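In our numbering, the protein residues as written are 5 to 543.
Structure below.
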């Protein structure tokens, strides 16, 4: 069918035709997922995925590689990109609160083969991140007890995460709510402490100001260092999109998703950008201790180092506790992100049939068991070459978030085009981002630019470096994996067209558009309520 052809009246879907039937393409329908997530859970899921070891630990390596200005600019670029991505996802998730969220939208609005590639790439990312985060959480304990074997704590944390799964999505939501509140308080506390340290209020460093921006400098390693920060930033922000994945398990997605999504902006601006700005003021980017900064080495956390340099005795231990909880929070997100994606893939026939099974309490049991099984890979870290194995496992997730976020933006652009082509008006959409499709185009372009910058950084990590195959694929392995998944499903399904024509896109199934007497989900914004809106956005 020609996508440019104007639909006849018979082709246009009316409100009376809207169906709640099983979504097109579903072949292994099981029971429904439990809709147990409340508004407060949804709001904290958005921040739970965004604030973790990527901020508290990984930012140290990025600071050393690119300098304070590169750190600030790159995280801000990824933050803006994610803002538009989450707004696009929110519009689709409110209108179509279906299982699988963004994976389902890519299948429906773009191309099933690309949706297959994005779904499994995303699931594999979370599957491989879990053992890494379990190891990272266990190593944080060495801050207090270096004599204990890491494997003991890996087992304890894995049992704890498995126990959470007994309570289904409600257990996930409650744990994220508690841990996210702790992380928020830690971020606010560090901002206050960082200002005091910079002004010379504690320690013997005196007034620091912008001294470290001139010596050793605002930028390190030129464009190579600048580009290398993008991978760290994507890993840090990865998981914010989980709020869209949770739409199928939200008690009131029309209200909860827009509220949680709009908070992303304030949280990125305040908790990330402000914290990183202050961090770049109070610790030198040339500090050799930052070289060991990774998701599994809290002793090299720039936050902990800054507190230690100020001569404060108790706070490093307290902040290490926060890092431990932050890493556990990410591990908790792993179990949610992978299991829900695998279940949705299997439900559509794009995965083993048994993975589609949902028990009477709304839990995808087989998917949970697979995720827990991947957690046992954390014990590989005890092997002699465990670090190398982990590097290759994590290479699967390095670029995955850029591919997923870009696909969400493109799916939103295609959705809006299909919505117009099939004769619908925008006033039927319950929630619309301020910039609409323009925001999605900005997000898509930024994603592509980040992928290009990361490709360059993988080839030339420093100005004097020469291309190295092993290093390149450890940074860019996700790209050939995505291509292989895409082509593999094309061959298997024998579906050779590149995209779904606009007039063939399914806009009926599972849709929740506004009725004539309903109002759009948009709060009244005035200058008088701006302070309270900012506070609600942060907390």
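Virtual Cβ for every residue (Gly too), placed ideally from N, Cα, C. This one's a predicted model, so the numbers in the text were calculated from it and none came from an experiment.
Cα-Cα separation between residue i and residue j, rounded to whole angstroms
i	j	result
residue 359	residue 438	38 Å
residue 205	residue 365	54 Å
residue 434	residue 121	29 Å
residue 467	residue 231	12 Å
residue 332	residue 211	36 Å
residue 399	residue 504	31 Å
residue 324	residue 432	49 Å
residue 404	residue 495	22 Å
residue 275	residue 309	19 Å
residue 142	residue 154	6 Å
residue 346	residue 380	19 Å
residue 201	residue 159	38 Å
residue 361	residue 497	23 Å
residue 241	residue 55	7 Å
residue 349	residue 123	7 Å
residue 356	residue 111	18 Å
residue 62	residue 98	33 Å
residue 344	residue 372	9 Å
residue 184	residue 500	44 Å
residue 342	residue 408	14 Å
residue 175	residue 169	7 Å
residue 199	residue 277	14 Å
residue 16	residue 114	In this prediction, residue 16 scores a pLDDT of 38, lower than 50, which makes its location untrustworthy; no coordinate-derived value is stated.
residue 149	residue 318	16 Å
residue 460	residue 472	12 Å
residue 190	residue 214	24 Å
residue 507	residue 418	11 Å
residue 265	residue 271	10 Å
residue 351	residue 119	13 Å
Secondary structure of residue i, DSSP reduced to three states
i	result
residue 287	coil
residue 150	coil
residue 367	coil
residue 209	coil
residue 401	coil
residue 176	helix
residue 293	helix
residue 114	coil
residue 352	coil
residue 342	helix
residue 309	helix
residue 362	coil
residue 267	helix
residue 245	coil
residue 28	Any answer about residue 28 is weak, because its pLDDT of 48 lies below 50 and its placement is not dependable; what the coordinates show is given next. Residue 28 falls in the coil class under three-state DSSP.
residue 320	helix
residue 201	helix
residue 190	helix
residue 543	Any reading at residue 543 needs caution, since the residue's pLDDT is 48, under 50, leaving its predicted position unreliable; the model's value is listed next. In the structure shown, residue 543 sits in coil (DSSP, three-state: anything other than H, G, I, E or B).
residue 375	helix
residue 435	coil
residue 225	coil
residue 429	coil
Residue j beta carbon less than 8 Å from that of residue i
i	j	result
residue 223	residue 73	yes
residue 178	residue 338	no
residue 416	residue 180	no
residue 284	residue 67	yes
residue 514	residue 92	no
residue 273	residue 60	no
residue 511	residue 423	yes
residue 290	residue 82	no
residue 420	residue 441	yes
residue 103	residue 195	no
residue 485	residue 125	yes
residue 84	residue 414	no
residue 245	residue 89	yes
residue 139	residue 410	no
residue 479	residue 235	yes
residue 57	residue 327	yes
residue 131	residue 375	yes
residue 165	residue 382	no
residue 133	residue 401	yes
residue 225	residue 69	yes
residue 490	residue 117	yes
residue 475	residue 457	no
Residue i: CB within 7 Å of a non-hydrogen atom of the ligand SAM
i	result
residue 124	Annotation note on the ligand SAM: not contained in the displayed structure, which lists no ligands.
8 Å Cβ cutoff, residue i in contact with chain D
i	result
residue 410	This model lacks chain D altogether; it includes just one protein chain.
Which runs of the alpha helix (DSSP H) at least 4 residues long sit entirely within the stretch 442-518? Give them in chain order. Along the stretch 442-518, the alpha helix (DSSP H) occurs as fully enclosed runs of 4 or more residues at 473-480 and 482-497, listed in sequence order.
Quick check on the DSSP output: what are the complete alpha helix (DSSP H) runs of length 4 or more inside the stretch 87-142, in order along the chain? Scanning the stretch 87-142 from its first residue to its last, the whole alpha helix (DSSP H) runs of 4-plus residues come out as 106-113.
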